[in-house]
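Below: one structure, written as structure tokens.
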Amino acid sequence: MSDIFKAGPGDVEITQREECFRGFYRIDRLRLRHRQFAGGMGPLLTRELFVRHDAVCVLPYDPQRDEVVMIEQFRVGALEAGVNPWLLELVAGLIDKDEEPETVARREAVEEAGLTLGALWPISQYLPSPGGSNELVHLFVGRCDSSQAAGIHGLPEEGEDIRVHVLALEDALQAVRDGKINNAASMIALQWLALNRAEVRGLWV
Numbered sequence: 001m002s003d004i005f006k007a008g009p010g011d012v013e014i015t016q017r018e019e020c021f022r023g024f025y026r027i028d029r030l031r032l033r034h035r036q037f038a039g040g041m042g043p044l045l046t047r048e049l050f051v052r053h054d055a056v057c058v059l060p061y062d063p064q065r066d067e068v069v070m071i072e073q074f075r076v077g078a079l080e081a082g083v084n085p086w087l088l089e090l091v092a093g094l095i096d097k098d099e100e101p102e103t104v105a106r107r108e109a110v111e112e113a114g115l116t117l118g119a120l121w122p123i124s125q126y127l128p129s130p131g132g133s134n135e136l137v138h139l140f141v142g143r144c145d146s147s148q149a150a151g152i153h154g155l156p157e158e159g160e161d162i163r164v165h166v167l168a169l170e171d172a173l174q175a176v177r178d179g180k181i182n183n184a185a186s187m188i189a190l191q192w193l194a195l196n197r198a199e200v201r202g203l204w205v
């Protein structure tokens with residue numbers, strides 16, 4: 001495989017940026033051109049950009065019991081996509097200014113699952129939808145005691161209604177195979193843990 005193109009000065013020209021909407025999120029419209037593989041600059045393009053805070057997602061994992069803790073909540077995007085809008089997901093939250101991803105992971109585990117996490121194992125940073133959004137997701141596995149995970153959580157002032165589920169890791173992986181777990185962060189984290197379970201348990205048990 002040849003090297004992936006790495007942008008340098010002058011390889012992208014943004015000629016105009018317009019804020020189209022600002023609410024909880026923001027949408028900008030950009031006019032830009034970029035260098036093409038054959039050389040030279042391409043045509044002027046118009047692209048809408050969904051501007052979001054970076055996010056943190058964490059999969060709580062109990063290495064003693066080989067169990068994961070996941071949360072269930074309503075998602076409007078899933079509703080619009082025509083699938084069941086109550087999803088099994090990871091604990092997650094947005095990064096505010098000057099916050100470290102690890103701090104967000106620990107805070108959200110308490111708010112959304114009533115869990116105090118131990119060690120955090122960074123999995124990756126990835127772009128969930130780079131064709132139209134600038135969101136960067138910081139993905140972790142967090143050590144936990146799953147015997148303490150239960151109940152309904154979330155911040156009432158934010159309209160959160162979150163139910164906790166404890167699953168054997170094998171059951172969670174089967175839910176991925178069956179399409180019952182169908183969101184990117186959960187699928188990536190569970191598959192990573194399946195590949196690295198022996199190493200993680202070797203260090204955490």
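Residue numbering for the sequence shown follows the UniProt record's numbering, starting at 1 and increasing by one per position.
Even glycine gets a Cβ: it sits at the ideal position worked out from N, Cα and C.
Helix, strand or coil at residue i according to DSSP, with G and I counted as helix
i      : result
Glu108 : helix
Leu169 : helix
Ile4   : coil
Gly202 : helix
Ile188 : helix
Ser133 : strand
Glu158 : helix
Gln64  : coil
Arg197 : helix
Ala78  : helix
Val83  : coil
Nearest-angstrom Cβ-Cβ length linking residue i and residue j, presumed shorter than 8 Å
i      : j      : result
Arg143 : Ala119 : 5 Å
Glu48  : Ile14  : That belief does not hold up - the Cβ atoms of Glu48 and Ile14 are roughly 14 Å apart, past 8 Å.
Val83  : Ile95  : Incorrect: roughly 27 Å between the Cβ atoms, too far for contact.
Ile123 : Val141 : 6 Å
Ala185 : Leu155 : Not really, about 20 Å apart at Cβ, beyond 8 Å.
Glu112 : His153 : 5 Å
Beta carbon of residue i nearer than 9 Å to that of residue j
i      : j      : result
Glu72  : Leu90  : no
Leu44  : Arg33  : yes
Val68  : Leu203 : no
Asn183 : Val51  : no
Ala55  : Leu136 : yes
Ala92  : Glu80  : no
Val176 : Ser146 : no
Ala168 : Arg65  : yes
Residue-level contact to chain D via CB, residue i, 9 Å cutoff
i      : result
Leu117 : Included in the structure is just one protein chain, with no chain D present.
Inter-residue Cα distance where the pair is residue i and residue j
i      : j      : result
Phe74  : Glu199 : 34 Å
Leu127 : Glu102 : 18 Å
Val164 : Phe21  : 34 Å
Leu59  : Met70  : 7 Å
Gly23  : Arg201 : 43 Å
Ala78  : Ile4   : 33 Å
Leu195 : Ile188 : 11 Å
Pro9   : Glu99  : 29 Å
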